[in-house]
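What follows is a single structure, written as structure tokens, with notes after it.
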């Protein structure tokens, strides 16, 4: 038995996190994934929200599975052009201003021009502001310093920058000799890379799946409505592949696949959860069961939208989620192994 190559998955992940894709501006990364599928001769279609759906036919065409992972990330948007020539920003997604202080960023205009900058406190200089360390990190105090010769709002607008332009954060991706990958946007591009590698293996090894299986590459998960439409009516099982949340009181770690029992939306399907655990045990896959207290997934969004499905949630463990994220190749590998066996397993009918 062979599994998807983890080193290849990590290189693919490095490419994915390097493509800016804040929620609302994901065409470039969706096109990248679309081209990946074209090379494998996998049929795809885009829905009206801009997400991508790939389908692999299976023996059973009446009962379908759907797996999803999202390529949209946290980001920001230009809220105001200040008289000083600096930019105020408004956040996209659920995170805190302190997690982006000092971060390099990129501003993309509606005409497609790109400019770089740095996200800073207005009161950054300790030689000028005695409250530099105490001032609240919020929308009023944080701003973008553009890497352009601008002195006022007119200079900024002359560049083509305007309110509503998207802001993405430098991922600062690194692969360490010890097997860690640290980068922004591992949530959820780590899972996207895993699914792409799984599909590649199924295609290249001519693996016949027991059920027709759809793969939704979602593009609005971070704002809450990525995966609650375009679910074929034949879908029985819907599995979200997203990050496992780590922290005090959590069992999830950076080395195993996290199987979510419950998040803020409520419990996931009990029988599907037990099936996933059974598959992990039978195939010597490292896993942890966990509850994510402040979390929702595309699977829970689909349930809230009224879809009659069996829903589950698994994914690699990610440290410092929505901030300075990190995981290990072991977690990537264990997640890939579980999904490899899952898509070939019998369904809960």
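Numbering (my numbering), first residue to last: 540 to 888.
Where a beta carbon is used, it is the ideal one built from N, C-alpha and C, also for glycine.
The stretch 544-553 / the stretch 722-739 touching (three or more Cβ pairs under 8 Å): yes
If you draw a straight line from the alpha carbon of residue 862 to that of residue 784, how long is it in whole angstroms? Translated into positions along the chain shown, residue 862 becomes position 323. Translated into positions along the chain shown, residue 784 becomes position 245. Going from the Cα of residue 862 to the Cα of residue 784 covers about 12 Å.
Taking the C-alpha atoms as reference points, what is the distance between residue 680 and residue 857? On the chain shown, residue 680 is found 141 positions in, with the first residue counted as 1. On the chain shown, residue 857 is found 318 positions in, with the first residue counted as 1. For residue 680 and residue 857, the distance between alpha carbons rounds to 29 Å.
Extent of the continuous beta strand (DSSP E) run through residue 741: Taking the first residue of the chain shown as 1, we reach residue 741 at position 202. From DSSP, residue 741 is part of no beta strand (DSSP E) but of the alpha helix (DSSP H) over 725-743.
So, under 8 Å CB-CB, residue 656 and residue 686 are touching, yes? Tell me the CB distance rounded to an integer number of Å. The residue you call residue 656 lines up with position 117 of the chain shown. The residue you call residue 686 lines up with position 147 of the chain shown. Residue 656 to residue 686, Cβ: 6 Å. Contact.
Using C-beta distances below 6 Å, list every residue in its chain close to residue 830, excluding the 5 sequence neighbours before and after it, in chain order. Translated into the one-based positions of the chain shown, residue 830 becomes position 291. Cβ within range, chain order: 800 and 801.
Under three-state DSSP, which class holds residue 880? For the purposes of this step, residue 880 is identified with residue 341 of the chain shown, where counting begins at 1. Taken through DSSP and simplified to helix, strand or coil, residue 880 comes out as helix.
Could you pull out every residue in the same chain whose Cβ sits closer than 6 Å to the Cβ of residue 844, ignoring the five residues on either side in sequence? As a first step, residue 844 must be located in the chain shown, where it is residue number 305. Result list for residue 844: 767, in chain order.
Take every Cβ of the stretch 555-562, pair it with every Cβ of the stretch 698-718, and state whether three or more of those distances are shorter than 8 Å. yes
Note down, in chain order, each residue of its chain lying with its Cβ closer than 7 Å to the Cβ of residue 728, except the 5 sequence neighbours on either side. Within the chain shown, numbered from 1, the residue matching residue 728 stands at position 189. Closer than 7 Å at the Cβ level, and outside the excluded window around residue 728, lie 552, 555, 556 and 610.
Do you know how far the Cα of residue 720 is from the Cα of residue 868? Counting from 1 along the chain shown, the entry for residue 868 is found at position 329. Counting from 1 along the chain shown, the entry for residue 720 is found at position 181. Whole-angstrom Cα-Cα distance: 7 Å.
Would you call the CB atoms of residue 819 and residue 542 closer than 8 Å? Here residue 819 refers to the residue found at position 280 of the chain shown. Here residue 542 refers to the residue found at position 3 of the chain shown. Taking 8 Å as the Cβ cut-off, residue 819 and residue 542 do not qualify as a contacting pair.
Taking the alpha carbon of residue 682 as the point to measure from, which residue in 626, 671 and 672 has its own alpha carbon closest? Here residue 682 corresponds to residue number 143 of the chain shown, with the count starting at 1. For the residues 626, 671 and 672, the minimum Cα distance to residue 682 belongs to 626.
Euclidean distance between Cα positions of residue 599 and residue 581: Position 60 of the chain shown, counting from 1, holds the residue named residue 599. Position 42 of the chain shown, counting from 1, holds the residue named residue 581. Rounded to whole angstroms, residue 599 to residue 581 spans 18 Å at the Cα level.
Quick one: give me the first and last residue of the alpha helix (DSSP H) that residue 566 is part of. In the chain shown, counting from the first residue as 1, residue 566 sits at position 27. Per DSSP, residue 566 belongs to the alpha helix (DSSP H) from 566-578.
For residue 671, which residues from the same chain have a beta carbon less than 8 Å from its beta carbon, with the 5 sequence-adjacent residues on both sides left out? Counting from one through the chain shown, the residue named residue 671 turns up at place 132. Excluding sequence neighbours, residue 671 sits near 660, 662, 663, 664 and 665.
Could you tell me which uninterrupted beta strand (DSSP E) segments, each at least 3 residues in length, are contained entirely in the stretch 755-824, listed from first to last along the chain? Whole beta strand (DSSP E) segments, 3+ residues: 774-780 and 796-802.
Would you call the CB atoms of residue 815 and residue 853 closer than 8 Å? Residue 815 sits at position 276 when you count from the first residue of the chain shown. Residue 853 sits at position 314 when you count from the first residue of the chain shown. Yes, Cβ-Cβ distance for residue 815 and residue 853 is below 8 Å.
What are the boundary residues of the alpha helix (DSSP H) that includes residue 551? Translated into positions along the chain shown, residue 551 becomes position 12. Its alpha helix (DSSP H) spans residues 545-556.
Looking at residue 591 and residue 738, is the spacing between their C-beta atoms short of 8 Å? Start at 1 with the first residue of the chain shown, and residue 738 comes out as number 199. Start at 1 with the first residue of the chain shown, and residue 591 comes out as number 52. Against a cut-off of 8 Å, the Cβ pair of residue 591 and residue 738 comes out as no contact.
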